[in-house]
Amino acid sequence: MVVHQNCEKGIAPSGRLMLQEAMKFIPASAPGHVRQSLMNTFGSQGRSSRKWLANFRHRWGARIGKMKIRFGMDMSEVREKATTYFRSANYVRSCVPVGKRTLMINMDETALAYSGAGQKGTIVCRDRLPNGRSLRTEQASRNDMRGNVTHMAFICDDSSVQPLLPQIFLGNHSKFTIRLLNSVAGQLPPNIHLWRQESSWNSHSTMRKALGILHRALQPIASTHSIILILDIARVHIHHTIYQHAKQCGIRLLYVPARLTWLLQPCDTHLFARFENELRRQWHEERCQSESGIICSAGWLHIIAQAIRVVIQGNKWRNSFSETGAIDDQAGLLKYILGHMGLLELFAAPSTPPPLEDGRRIFPKG
Numbered sequence: 112m113v114v115h116q117n118c119e120k121g122i123a124p125s126g127r128l129m130l131q132e133a134m135k136f137i138p139a140s141a142p143g144h145v146r147q148s149l150m151n152t153f154g155s156q157g158r159s160s161r162k163w164l165a166n167f168r169h170r171w172g173a174r175i176g177k178m179k180i181r182f183g184m185d186m187s188e189v190r191e192k193a194t195t196y197f198r199s200a201n202y203v204r205s206c207v208p209v210g211k212r213t214l215m216i217n218m219d220e221t222a223l224a225y226s227g228a229g230q231k232g233t234i235v236c237r238d239r240l241p242n243g244r245s246l247r248t249e250q251a252s253r254n255d256m257r258g259n260v261t262h263m264a265f266i267c268d269d270s271s272v273q274p275l276l277p278q279i280f281l282g283n284h285s286k287f288t289i290r291l292l293n294s295v296a297g298q299l300p301p302n303i304h305l306w307r308q309e310s311s312w313n314s315h316s317t318m319r320k321a322l323g324i325l326h327r328a329l330q331p332i333a334s335t336h337s338i339i340l341i342l343d344i345a346r347v348h349i350h351h352t353i354y355q356h357a358k359q360c361g362i363r364l365l366y367v368p369a370r371l372t373w374l375l376q377p378c379d380t381h382l383f384a385r386f387e388n389e390l391r392r393q394w395h396e397e398r399c400q401s402e403s404g405i406i407c408s409a410g411w412l413h414i415i416a417q418a419i420r421v422v423i424q425g426n427k428w429r430n431s432f433s434e435t436g437a438i439d440d441q442a443g444l445l446k447y448i449l450g451h452m453g454l455l456e457l458f459a460a461p462s463t464p465p466p467l468e469d470g471r472r473i474f475p476k477g
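Note that our numbering numbers the sequence shown so that position 357 is 468, with each residue one more than the last.
The structure is reproduced here in structure tokens:
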């Protein structure tokens, strides 16, 4: 019963329901005094019932907890949308001309704060401090804690090509001042682009500009590779001018279904948590080693560049595309994803284009 409720319905049955279910299994052939004792245990909320529940959990490897919540999408909808996405991925890969290699790229945005303050570390207890010493508060400005820049991150399934991919940062005029940009000019790797604009957010025009940068960056392999760019269905990624510009650049677009980026998009599933952890680690260590304990904006940009080298360029991302079903005809798909689709075994989606109606389900309504 518990396995059925957990795995089929996503429900963690309460102790009361467990006792009610146990009541059904009291053998009719049991002696009267045994039946009465069990009925008293299962029918109460006292110590004996709590003890029985604890013994049950210990024996069968269960625990008290909450099921993870995913809002607004049942298993059948996940399966339909994911299958359509896999079918689209297989189809666009099958369209690559003979003699050319496929390069799968994923781009997604994430917000990065100027400050990594508030991290855990070692603190001396107040009663063990030397005489005359007191704990100092960590220095951070609200502007640095709250104001973000946007990182347009690019990863691909070929580690030899990864260093060519751009890493674009969008900052408004207050974050990316002219003085700051001049101070780091020529000091950052050539694939890191700092764009100063009215807003730190992506837009249709910024997206077109990013496609142009990606196209120029991949010129060394343009004759040997076909480029497929995976995007989520954020509105800044969807516009007829973006489709046209991508086509002009020789880039084919593949969209992750609405509300499934947490499950199927490589940047979300494999990159961002690792990258941001490395960024916080380096920020914290650099701050400890500095004389003042303060990191200037230029220093922060150098830390970002180092984190890109360590994480984005220092790892092979092919598995992230395979495990989320974008390549290998879903042979490497994670069991975790299969579980959300309600499937027990691996499957391969067809390589034919999905029906138009199925394709429309990938995009948000309206």
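All C-beta atoms, glycine included, are put in the ideal place defined by N, C-alpha and C. The model shown is predicted, which means the values in this text are computed figures rather than measured ones.
Distance, residue j Cα to residue i Cα
i: Ile303; j: Asp238; result: 48 Å
i: Arg346; j: Arg319; result: 13 Å
i: Trp411; j: Glu402; result: 16 Å
i: Gln417; j: Arg204; result: 33 Å
i: Gly143; j: Phe153; result: 15 Å
i: Ser148; j: Gln131; result: 15 Å
i: Cys267; j: Ile279; result: 15 Å
i: Ser285; j: Gly126; result: 55 Å
i: Pro368; j: Lys192; result: 6 Å
i: Asn117; j: Gln308; result: 49 Å
i: Pro475; j: Met150; result: 53 Å
i: Val207; j: Pro464; result: 14 Å
i: Arg170; j: Trp163; result: 10 Å
i: Tyr447; j: Val145; result: 44 Å
i: Pro241; j: Gly297; result: 46 Å
i: Ile289; j: Val260; result: 15 Å
i: Gln273; j: Tyr366; result: 21 Å
i: Ala224; j: Ile415; result: 11 Å
i: Asn293; j: Ser337; result: 36 Å
i: Ala139; j: Glu188; result: 44 Å
i: His451; j: Asn201; result: 20 Å
i: Leu364; j: Leu305; result: 24 Å
i: Leu382; j: Ile423; result: 8 Å
i: Ala173; j: Ser310; result: 50 Å
i: Thr335; j: Asn217; result: 19 Å
i: Gln355; j: Leu214; result: 20 Å
i: Met184; j: Ser245; result: 52 Å
i: Glu220; j: Lys358; result: 22 Å
i: Gln441; j: Arg398; result: 44 Å
DSSP three-state assignment for residue i, whether helix, strand or coil
i: Asn302; result: coil
i: Phe474; result: coil
i: Arg290; result: helix
i: Arg204; result: helix
i: Ala409; result: helix
i: Arg161; result: helix
i: Trp428; result: coil
i: Lys179; result: coil
i: Asn151; result: helix
i: Phe458; result: coil
i: Phe383; result: helix
i: Leu444; result: coil
i: Asp238; result: helix
i: Met112; result: coil
i: Lys192; result: helix
i: Phe167; result: helix
i: His284; result: coil
i: Ile137; result: coil
i: Met184; result: coil
i: Arg174; result: coil
Residue i - partner residues in DSSP beta bridges
i: Val260; result: Leu223
i: Gln278; result: Ile303
i: Ile266; result: Asn217
i: Arg244; result: Answer is none; Arg244 lacks a bridge partner.
i: Arg212; result: His336
Classification of residue i by the beta-carbon crowding that lies within 10 angstroms, buried from 16 upward
i: Gly453; result: exposed
i: Ile234; result: exposed
i: Phe386; result: buried
i: Ile396; result: Here residue 396 turns out to be Glu, not Ile, going by the sequence shown. The residue is exposed, with fewer than 16 neighbouring Cβ atoms inside 10 Å.
i: His351; result: exposed
i: Gly157; result: exposed
i: Cys407; result: exposed
i: Pro468; result: Pro is not the amino acid found at residue 468; the sequence shown has Glu there. Counting Cβ neighbours within 10 Å, Glu468 comes out exposed, since fewer than 16 surround it.
i: Ser316; result: exposed
i: Gly210; result: exposed
i: Trp373; result: exposed
i: Ala529; result: There is no way to answer for residue 529, as the model of the chain reaches only from 112 to 477.
i: Leu276; result: buried
i: Thr199; result: Looking at the sequence provided, one finds Ser at residue 199 rather than Thr. When all chains shown are included, Ser199 counts as buried.
i: Ile175; result: exposed
i: Ile405; result: exposed
i: Phe265; result: buried
Can you check the segment 310–381 for any alpha helix (DSSP H) of at least 4 residues that lies completely inside it and give the ranges in chain order? DSSP runs (the alpha helix (DSSP H)) wholly in the segment 310–381: 315–328, 351–359, 372–375.
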